[in-house]
Every structure is written in structure tokens, then in C-alpha cells.
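Order-wise, the sequence lines are chains Z and Y. For the first sequence, this note's numbering begins at 1 and goes up steadily by one. For the second sequence, this note's numbering begins at 174 and goes up steadily by one. All C-beta atoms, glycine included, are put in the ideal place defined by N, C-alpha and C. Report on the structure given below.
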Amino acid sequence: MTFPRTHSLVFWLLALTCAGQAGTTVYQKPSEFIRAACGGTLPPTNSLPLSAAHQARIKRLLGHSYKPSRVRYWISGTRLVVILDEIGKTQPITAGFVVSGGRLEQVKVLIYRESIGSEVRRTSFTNQFKGATLGGSGKLSRRINNIAGATLSVRALTELTRLALYLDKVRPK
Amino acid sequence: MTTLMTRIGTAAIVAIVLPISASALTLEELAARMERLEKKVEAYEKRYGPLDEARASAPRASHEATPASAATNWSKGGLELDDAESIDRIYEAGETGSVGDNWWERTHLGGYGEMHLNLVGGGDNTLDFHRWVLFLNHRFNDRITFNSELELEHSLSGAGKNGEVELEQAYLDFAFANGLHAKGGLFLLPVGIMNETHEPDTFFGVERNPIEKEIIPTTWWEGGLGLSQSLENGFSWDVGVHSGLNVSTAGNNAYRIRSGRQKVSNAPANEPAVTARVRYTGIPGVDLSIFGNYQNDITQAAGTEDNSAYMVGAAAKIQRGGFGLRGLIAGWDIDGSAVAAMGRDQQWGFYLEPSYTMPLGDTSKAGIFGRWNWYEFARGEVDQYDAGINFWPVDNVVFKADYSRIIPDGGKAEDVFNLGVGYSF
């Protein structure tokens, strides 16, 4: 068995296996997530303008400044539905959040673009956030166990959960 | 493209305004104004999606009452963004807008580094900036990325110097559906706990554990092709065909695994090697893996007996609240009469590392650990006990202090105190 021949065989196997598939993974379309969280209907899109005070607080929650000047959200009864994204390592992770009465009801990874760390999409991981609240110091009430090899993606989702809970606090009610 | 509504609206404005202002404005001026208006509408649509005349005049029945006044309902004034298609398009590229299409927005820098002070009982103390590493990654498109890692070890490189400049990673990654990735180039092998993840803020101890130095020659990289996939059920797998080790057959380092790394530097490539791993991370805080490597002739020498070799191992990394436990076992079996005669045909070792980490304030944390290492390698058997503390002022910066007692079989025990500082970004 020669070295180049082996590699050549593997290369063509790879090419045949992978041809035509896509990289970015959409686990659920954002509109479908909103519909599912709002009883099958799509409520009107609302916008929360972020004041300087909001931005300062968000900066502490995320550990960095937040680029958007407003956040879209949807309301269903007392529930806030918001879709946020945050860079994991180099790519934004888009996730949907449902918050009710200051508690996180659901978080779901909707679009994943990073080359590693997609394990954060699993419900066994995201279920850890259920029931979490935001403490005065900006910490979550629940300790989130890490996933080896997905540290930055875990960190991104934790930061976004803090942001979603904060948005529920400051949104008009 | 201007929508039908825009054109109808523009025509209506012209019809109303034209008789009134015809005396003040020429048709050319009006045409110029219309053109500017159309351009503004086009720019708006490009950013926020098409204007939808049907929904502008008839709000959806399912819409709920508009929330309090501080919020802006985007369906007001015809700014229709609450249809499914528009919403999906907005989030398609990531709303933060941090990842643009310019090459510099698709290129990312990162790195890590660590400095160590080793205080050796009865010997010379050393201060060493052990590793300074720079990552350079580039995304060509949604499917293809380039990842690289350049390292300067021991501060100085060159003839007669302690250190060296090393290319530790340089590969193209092809992302496909269902968590499948293919890569080609120079990459880290998927073995053990630390070979792929060894930033100083991710582990306890100033120095890396000896098992993942002498048995698994961390940091171990090779050139070749790899496939990996992360599955929904918590399992993932990796397989790679790549260049292999090239150990010497004589001297103090004969059949020493760590000395067989060629670092893909004009390396003999007469014998390929294969590495595979199955990993389970389906429970948060739990990481279990088994892995193996096979090479047809670990000496890559023509005209002598083939020294086929295989390495197998298992690793566990468990975190429950503040409590952590790491454990690893790995061993080599090398065929051949010469290596058997030297007693170096079986080399293996294990370690167990319990730890506890606690938060200190909003961003800081501290942790303590103990570790028992035992290994048998080309130079004999060694028992090593480590204990120490890590302090993280923030997640990516760490200060470390530890104590090691190293007991070689039949040799003199050595006590070492280590201090270290590290970072990653």
C-alpha cells in the first residue's frame, strides 16, 4: 500500500460522499420557531429601541458592546419571543428564546454556522437553561455544564440567554 | 427591483402634485425627484425586504394588539417585516452583521500563550515563555474555511537556541450537512483529552500531564485527510489517514514515541497511519471517548523488519457543578524482535485528576486539583503526583501554581514547584 494511493482513494470517497451538500445548518427557520412559540400564528413584529442605558447593561451581560440599535421581538400572551445571534468562534449562532415572567421557557439553536461546536444544538444541552432567571449581578440562576470542544458556542448561548432575560425585563408591558 | 406598489404610489403622487406644481417644477425636475425616490425605496427594500401592498392595506387577522407605546410595531406605516419570508431572510446571515463579505471580515486572529517558572528541588530553576501561539483563520464561503496555528516555543528559535517555530495546524475544512466535516492539510490528531484542546486556561497544572506527553505525544499533528461527524444522539466520530511517526531504533530515544514526531517537515512518508475516535458528549458536562492509531511500520525504515504499531486509549472528562474528574488511559503495542529485546514493545500509562472549581465574584473563579500519573515508556516506569491551584480573573486568563513529585522506578525522586501564567483569545 503506498501513501499517495491511499490518500487518493480517501479523497475520492470524500468527494463522492459529500458532493452537493450545504455547510450552514438551519435547524429551524426563525419564522417557524416564532409560530411554534406563539400557538401557530405569526404575531406582528415589534421593535425595542436600545437606549444608552440598555446598551451599557447589555455590554456587561455579553462582555462586549452590542451592535444592533434595536431588537425585534414578538409577543404571545405574557411570553416574549426573541431571536438573537452571537459570534461563537468566528461565525454567528442564531438562536430563538421564549421568556415568560422573567423565566426562560425555551432556547433553541436555529442556525449554526461554525465548523465545530454544533453539539450546543442538542436538547440535552439547551434544556439546562429552562427555568433560568437573571440575577441582579447579571448571572444566570442555573449553572450551565459545558460541552467539551464547544466551549465558545456554550459561552455564546449563555450570553444570549442573559440578553433574552434582560430584554424581557425592559420591554414594554 | 421596485415593487408594483411603489410604482403605483409614485404615479399617484405625480398625478396629484403635477397640476399644482407644474408651474414651479419642470418635468425633468420631477423625473429626477422620482428617480431619487425610487432609489431610496430600492435601498430600503434591499436592507429590510420588499414592501408588501396587500398586507399594508389589510393587517393579518392573527395579529395581536400592538404593545405599549415605547415599542414600534414594524407593520405600521407599511414597513412590513412580519411575514415569514422577510423574517427568515433577516436572520439568514446573522443579524449582528459582524460577519461581512470583505476578506478582512472573513479573516480571524486568535492565540494563546503561557510562561512557566520551574523551581526544581536540588537543581537549576528555569523561567521559560513556553508557548506563544497565533491562530489565523479565513472563511472562503459558508462551506470552506482555512485554519492555521503558528507557534514559537521557548521564546527563541534558530541554531543553538532552545526553541523552535512550528506550524501546528494548516488545513482546509469543508463543512457539509448533518454535522459532517472533511479536512485536508496539516491537523491535530483526535486522540486523548489535550491534543486538540490545550489552551492554558482549559486545564489544571502549569505543565501538561506526562501521559499526554510520552504516551500520546501531545501536541501531535500530521498531514493528511480527515472526516468527522457530530450526530444528533450525542455521538461523534473522526477518522483520518495521514503521515506517521518515525521513531529511531538506537540510543536513549530508541522507540520513544514522542521522539518519533516528524512535524510534517520534509517527513519520510513511506508508511501511512490511520487514526480514529468515537466520542460521546450527549450529556452536558460529560465527554467520553475511545481512540486508536495504527501504523504499518513506526520506524519507516526500508530493508529492516517492519515494526507495525497500534495505540489504543480511552478518556473521560466529567464536570458536575464545581466538581470535575478527568481520566485517561492509553498504550502502544509495537511489533518486532529488536524492540521486544529492549523491553520497549509495550508502552502505556494512565492518570486520574479530580478537581473542584468555585466562582469568585462576577467574573473570577478558582480551582484546586490533584493528579496521579503512572506511565511506562521507552526510558522506564514513572510515578508522578501533582497538586495545585488555578485562578482565573476572567475566563481566558489564568494564573497557576502546583507541586509535582516525580518518582522514576529505580531512580531518585524529584520535587518541582511550578508557577505559570497563561491566556487565550
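*Could you work out which residues of chain Z lie near Lys601 of chain Y, taking near to mean beta carbons separated by less than 9 Å?*
This structure gives no information on residue 601 of chain Y, because the portion of chain Y shown stretches from 174 to 598.
*Thinking just about the alpha-carbon of each residue, which of Y:Phe572, Y:Leu345, Y:Ile389 and Y:Thr391 is nearest to the one in Gln316 of chain Y?*
For the sequence presented, residue 316 of chain Y should be read as Arg rather than Gln. The shortest Cα separation from Arg316 of chain Y among Y:Phe572, Y:Leu345, Y:Ile389 and Y:Thr391 belongs to Y:Leu345.
_Excluding the 5 residues flanking His311 of chain Y on each side, which residues of the same chain have their C-beta closer than 8 Å to its C-beta?_
Trp276, Arg279, Thr280, His281, Thr318 and Phe319
*Taking a Cβ distance cut-off of 8 Å, strictly less, list which residues of the stretch 400–411 of chain Y are near chain Z, in chain order.*
Leu400, Ser403, Glu405, Gly407 and Ser409
_Counted within 10 angstroms of its Cβ, other Cβ atoms place Leu112 of chain Z as buried (16 or more) or exposed_ = The sequence as given places Tyr at residue 112 of chain Z; Leu does not occur at that position. Buried, since its Cβ has 16 or more Cβ neighbours within 10 Å.
*Arg429 of chain Y to Gln519 of chain Y, Cα distance in whole Å?*
11 Å
_Buried or exposed for Pro44 of chain Z, going by 16 or more other Cβ atoms inside 10 Å?_
buried
*Can the beta-carbon of Glu119 of chain Z be found closer than 9 Å to that of Gly407 of chain Y?*
yes
_C-alpha gap between Arg450 of chain Y and Asp411 of chain Y, whole angstroms_ = 5 Å
*Does Ser115 of chain Z have its Cβ less than 9 Å from a Cβ in chain Y?*
yes
*What number of angstroms, rounded off, separates the C-alpha of Phe376 of chain Y from the C-alpha of Lys173 of chain Z?*
45 Å
_Cβ shell of Asn419 of chain Y (< 6 Å), same chain only, five flanking positions each side left out_ = Gly433, Gln435, Pro441 and Gln473
*Gly593 of chain Y and Glu287 of chain Y look like a contact to me (Cβ under 8 Å); what is the Cβ gap, rounded to whole Å?*
6 Å
*Taking DSSP as the reference, what is the three-state secondary structure of Glu354 of chain Y?*
For clarity, residue 354 of chain Y is His in the given sequence; the question names Glu instead. His354 of chain Y falls in the strand class under three-state DSSP.
_Less than 6 Å between C-beta atoms, sequence neighbours within five positions excluded: which residues of the same chain meet that for Ser328 of chain Y?_
Phe302 and Gly336
*Helix, strand or coil for Lys249 of chain Y, going by three-state DSSP, please let me know.*
Model confidence at Lys249 of chain Y stands at a pLDDT of 38, short of 50, so the residue's coordinates are unreliable; what they give is reported in the following sentence. If DSSP states are grouped into helix, strand and coil, Lys249 of chain Y belongs with the helices.
*Cutoff 9 Å: Glu369 of chain Y Cβ touching any chain Z Cβ*: yes
*Provide the residue span of the alpha helix (DSSP H) that contains Leu290 of chain Y, from first to last.*
Where Leu290 of chain Y is concerned, there is no enclosing alpha helix (DSSP H), although the beta strand (DSSP E) it sits in stretches over Thr280 to Val293.
_Quick check on Asn291 of chain Y: buried or exposed, where buried means 16 or more other Cβ atoms within 10 Å of its Cβ?_
buried
*Any C-beta of chain Z sitting closer than 9 Å to the C-beta of Ala503 of chain Y?*
no
*asked:* Less than 8 Å between C-beta atoms, sequence neighbours within five positions excluded: which residues of the same chain meet that for Gly284 of chain Y?
replied: Trp305, Val306, Leu307, Phe308, Ser597 and Phe598
_Can you check whether the C-beta of Ala257 of chain Y is within less than 9 Å of a C-beta belonging to chain Z?_
yes
_Residue(s) in a DSSP beta bridge with Glu587 of chain Y_ = Y:Ile579
_Residues bridged to Tyr27 of chain Z (per DSSP)_ = Answer is none; Tyr27 of chain Z lacks a bridge partner.
*Roughly how many whole angstroms lie between the Cα atoms of Ile471 of chain Y and Gln342 of chain Y?*
22 Å
_Would Arg450 of chain Y pass as an interface residue toward chain Z - the criterion being a Cβ-Cβ separation below 9 Å?_
no
_Is there a C-beta anywhere in chain Z that falls below 9 Å from the one on Glu265 of chain Y?_
yes
_Between Y:Phe542, Y:Gln557 and Y:Thr392, which has its C-alpha nearest Phe564 of chain Y's C-alpha?_
Y:Phe542
_Rounding to the nearest angstrom, what Cα-Cα distance links Trp247 of chain Y and Gly63 of chain Z in this structure?_
Interpretation of Trp247 of chain Y is limited by its pLDDT of 44, a score under 50 that renders its predicted location unreliable; the figure taken from the coordinates is listed afterwards. Their backbone Cα atoms lie some 29 Å apart in a straight line.
*Could you tell me which chain Y residues have their CB closer than 9 Å to the CB of Leu50 of chain Z, listed as they occur along the chain?*
Result: empty, since nearest Cβ-Cβ is about 11 Å, beyond 9 Å.
_Against chain Y, with Cβ distances strictly below 9 Å, would Thr133 of chain Z count as a contact?_
no
_Ile463 of chain Y classed as buried or exposed, judged by whether at least 16 other C-beta atoms fall within 10 angstroms_ = exposed
_What would DSSP say about Thr299 of chain Y, mapped onto helix, strand or coil?_
strand
*Quick one: residues in its chain with C-beta nearer than 6 Å to the C-beta of Gly417 of chain Y, no 5 flanking neighbours on either side, listed in chain order?*
Glu444, Ala446 and Gln468
*asked:* Using only CA atoms, which one of Y:Ser321, Y:Gly413, Y:Gly534 and Y:Lys386 lies nearest to Tyr524 of chain Y?
replied: Y:Lys386
_Using a Cβ-Cβ cutoff of less than 6 Å, which residues in the same chain neighbour Thr158 of chain Z once the five nearest sequence positions on both sides are dropped?_
Ile144
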